[in-house]
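Okay, structure first, notes after.
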Amino acid sequence: MNICCIGAGYVGGPTMAMIAHKCPKVKVTVVDINAERIAAWQTDELPIYEPGLLKVVKASRGENLFFSTEIDEGIRNADIIFVSVNTPTKTFGEGAGRASDLQYWELCARRIKDVSESDKIIVEKSTLPVRTAEAMERVLHSGENGIHFEVLSNPEFLAEGTAIADLENPDRILIGGHETKTGQKALGQLVDIYANWVPRERILTSNVWSSELSKLTANAFLAQRVSSINAISALCEATGANIKDVSHAIGTDSRIGSKFLQASVGFGGSCFKKDILNLVYLCETYGLHESAAYWQQVVEINEYQQSRFVKNILQSMFGTIAGKRIAILGFAFKADTGDTRESPAIKVCKELSEEHAKIVVSDPKALDNAKLDLANLENIDFEEDVYKAVNQADAIALLTDWNIYKNLDFEKIYSSMQKPAFIFDGRNVLDHEKLFDLGFEVYSIGKPGLSHLN
Ligand code: NAD
Ligand code: UGA
925 MNICCIGAGY VGGPTMAMIA HKCPKVKVTV VDINAERIAA WQTDELPIYE
975 PGLLKVVKAS RGENLFFSTE IDEGIRNADI IFVSVNTPTK TFGEGAGRAS
1025 DLQYWELCAR RIKDVSESDK IIVEKSTLPV RTAEAMERVL HSGENGIHFE
1075 VLSNPEFLAE GTAIADLENP DRILIGGHET KTGQKALGQL VDIYANWVPR
1125 ERILTSNVWS SELSKLTANA FLAQRVSSIN AISALCEATG ANIKDVSHAI
1175 GTDSRIGSKF LQASVGFGGS CFKKDILNLV YLCETYGLHE SAAYWQQVVE
1225 INEYQQSRFV KNILQSMFGT IAGKRIAILG FAFKADTGDT RESPAIKVCK
1275 ELSEEHAKIV VSDPKALDNA KLDLANLENI DFEEDVYKAV NQADAIALLT
1325 DWNIYKNLDF EKIYSSMQKP AFIFDGRNVL DHEKLFDLGF EVYSIGKPGL
1375 SHLN
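Numbering (the working numbering), first residue to last: 925 to 1378.
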């Protein structure tokens, strides 16, 4: 069995490395138009940072796992083709700012059609709007070449930072196939691949449309939980309640559950916002304006939470941060990744810069991306060493929940900062009382600030 995956990104690379690792008899080739990325996959400096990934890649690379820019050859030799290319939000034309930009996906479908010489199973691994498979089937079967392409939906649920554990031990695998003889046969073949390591009862099957919609819905529900708790965090700050206590109290209700109730400066990542906007666009396309407005609000609360964080900084620091040095601890959208796509840190830095603050950004893995994201800002520095970043700073804004930030020497940090020394914990991961006792002015998410100045 030969598998080809088009797209060697955050999803294509790790998922294929896991399939190759768990299915030694399957030959897996990951192809991409980005030659630099493909070259990096062949070294020990992988193009993405993901804990545990290198070990899994090295276990199969050169044996049954290959990375290549020979896309046509990869397609031609494959029995199953996963398509895992990016599907960003459209920035132009009809649906701009909401709909999915499917140009990369469609290019792949056309390439597959043009170079294939035998029947193939095409697996949608990218996150796509409902009924994309239908459009792809039309592209694939246009013209007369007598080749049959069976399209399956197999959305990916891994989260960055925990991708290897998620892939090795997934809550579920979802595969959608057509309710036809060929559809069910193809679906069975893909089930058999996952069954090499995933218990059968965790491999769910459905029709293609349910599978496509389940992926968008899962991300919308997860993001909605973050926005819900963040909306309540604003009320906590106003009333004197503590969001941690509220999260704990509601999370112990087994119907609600405790996960994804961590209030923060907002959710980031390449997918939550994009997928919700896509869902909103889909609802509107079908005339379901109330459903669209409901989900749109999840994104709006997220923007509000990020701006609210900057407003809190401004207000606490006596209404002006012009010329003040603010150290940003953490730029990645979450811990354990170098990914900064849609990171709340981007908006926070831009808004601080509009107030003419002097910003210095520190992050253990995301500084290269941060430099690209903030290329247009003035008065900005980048410093890997946290202690150098905070030296002479007026304030610290902690924006990513990296473990290293929890164990910093805050006594040393306090003594190196301007006074009053402010700390804004955008992730609620620090010991606020202890920081207050050291002399800091402490502000966090979802509880009233601790100030020596009142
Ligand atoms: P990515 O940008 O990291 O990777 C996509 C890759 O596809 C890039 O390397 C790009 O060069 C390549 N590509 C684009 N067009 C191509 C073409 N025509 N031929 C060959 N290669 C091409 O994106 P990603 O984060 O891996 O996401 C891919 C898809 O998976 C998206 O639809 C996303 O919504 C979904 N997804 C992502 C995550 C995640 O954690 N990042 C999780 C689940 C699902
Ligand atoms: C998310 C989903 O969790 C995955 O299942 C999905 O496959 C993926 O999107 C995708 O489709 O791309 P990811 O974005 O990698 O994964 O990371 P999450 O752990 O979901 O975190 C997303 C954002 O929400 C981060 O900025 C995180 O810090 C924030 N978050 C998460 C909170 O602010 N509070 C929480 O309680 C949980």
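Glycine included, every Cβ here is placed at the ideal spot set by N, Cα and C.
Given the structure is predicted, the values throughout are model-derived calculations rather than measurements.
**Asked** Any heavy atom of the ligand UGA within a distance shorter than 6 Å of the CB on F1255?
**Response** Sequence index remark: in the sequence shown, residue 1255 carries index 331 (1-based). Not so, every heavy atom of the ligand UGA lies at least 6 Å from the Cβ.
**Request:** Tell me whether R1124 is buried or exposed, calling it buried when 16 or more other Cβ atoms sit within 10 Å of its Cβ.
**Result:** The residue given as residue 1124 occupies position 200 in the sequence shown. Exposed, because fewer than 16 other Cβ atoms sit within 10 Å of the Cβ of R1124.
**Prompt:** Looking at C-alpha atoms only, which residue of P1079, R1055, I1071, S1066 is the closest neighbour of V1047?
**Reply:** Taking the sequence shown and counting its residues from 1, the one referred to as residue 1047 is at position 123. Checking every option, the nearest Cα to that of V1047 belongs to P1079.
**Asked** Regarding H1102 and the ligand GDP, is the C-beta to nearest heavy atom distance less than 6 Å?
**Response** Among the ligands modelled here, namely the ligand NAD and the ligand UGA, the ligand GDP does not occur.
**Request:** Check whether the stretch 1304-1317 touches the stretch 1177-1186, taking contact to mean three or more Cβ pairs, one atom from each stretch, closer than 8 Å.
**Result:** no
**Item:** Alpha-carbon spacing of R961 relative to D1169, whole angstroms
**Value:** As a working note, residue 961 is residue 37 in the sequence shown. As a working note, residue 1169 is residue 245 in the sequence shown. When rounded, the distance between both Cα atoms is 44 Å.
**Message:** Using 8 Å as the cut-off, can you tell me whether the stretch 1361-1373 makes contact with the stretch 1294-1303, which would need three or more C-beta pairs spanning the two stretches below that distance?
**Reply:** no
**Request:** Give a yes or no on whether the C-beta atoms belonging to L1251 and T1264 are separated by under 7 Å.
**Result:** Position 327 of the sequence shown, counted from the start, is the residue given in the question as residue 1251. Position 340 of the sequence shown, counted from the start, is the residue given in the question as residue 1264. The question names Leu, but residue 1251 in the sequence shown is Ala. Taking 7 Å as the Cβ cut-off, A1251 and T1264 do not qualify as a contacting pair.
**Asked** Near S1008, which residues of its chain fall below 6 Å by C-beta distance, leaving aside the five closest residues on each side in sequence?
**Response** As a working mapping, residue 1008 is identified with position 84 in the sequence shown. Contacts found: C929, G931, V935, G936, K1049, S1050.
**Item:** DSSP-derived helix/strand/coil call for D1318
**Value:** By 1-based counting over the sequence shown, the position of residue 1318 is 394. Three-state DSSP puts D1318 in coil, outside helix and strand.
**Item:** DSSP beta-bridge partners of Y1329
**Value:** Numbered from its first residue, the sequence shown carries residue 1329 at position 405. For Y1329, which the question treats as bridged, DSSP gives no partner whatsoever.
**Item:** Residue range of the beta strand (DSSP E) that includes S1368
**Value:** By 1-based counting over the sequence shown, the position of residue 1368 is 444. S1368 -> beta strand (DSSP E) spans 1365-1368.
**Asked** Using the beta-carbon count (16 or more within 10 Å), is S889 buried or exposed?
**Response** Since the first residue shown for the chain is 925 and the last is 1378, residue 889 is missing from the structure and cannot be characterised.
**Prompt:** Just the Cα atoms here: how many angstroms apart are D1038 and Y1205?
**Reply:** Translated into positions along the sequence shown, residue 1038 becomes position 114. Translated into positions along the sequence shown, residue 1205 becomes position 281. Rounded to whole angstroms, D1038 to Y1205 spans 31 Å at the Cα level.
**Message:** Please report the straight-line C-alpha distance between S1277 and T1244, rounded to a whole angstrom.
**Reply:** Taking the sequence shown and counting its residues from 1, the one referred to as residue 1277 is at position 353. Taking the sequence shown and counting its residues from 1, the one referred to as residue 1244 is at position 320. Using only the alpha carbons, I get a separation of about 12 Å.
**Request:** Determine the extent of the beta strand (DSSP E) in which I1004 is found, giving its start and end residues.
**Result:** In the sequence shown, residue 1004 corresponds to position 80, counting from 1. Looking at the DSSP string, the run of the beta strand (DSSP E) that includes I1004 is 1004-1007.
**Asked** Per DSSP, which one or two residues make a beta bridge with L1064?
**Response** As a working mapping, residue 1064 is identified with position 140 in the sequence shown. Its beta-bridge partners do not exist; DSSP assigns none.
**Request:** Counting only runs of 3+ residues fully inside the stretch 1033-1086, write out the beta strand (DSSP E) ranges in chain order.
**Result:** 1044-1048, 1073-1077
**Item:** Short Cβ contact (7 Å threshold) for L1140 with T1129
**Value:** Locating residue 1140 in the sequence shown gives position 216, counting from the first residue. Locating residue 1129 in the sequence shown gives position 205, counting from the first residue. Going by C-beta atoms, L1140 is not nearer than 7 Å to T1129.
**Asked** Taking Cβ to Cβ, would you say I1304 is nearer than 7 Å to I1283?
**Response** By 1-based counting over the sequence shown, the position of residue 1304 is 380. By 1-based counting over the sequence shown, the position of residue 1283 is 359. Yes; because the gap between Cβ atoms is below 7 Å, this pair is in contact.
**Asked** Closest to E1041 by CA distance: which of E1068, Y1228, S1240 is it?
**Response** Taking the first residue of the sequence shown as 1, we reach residue 1041 at position 117. That would be E1068, whose Cα lies nearest to the Cα of E1041.
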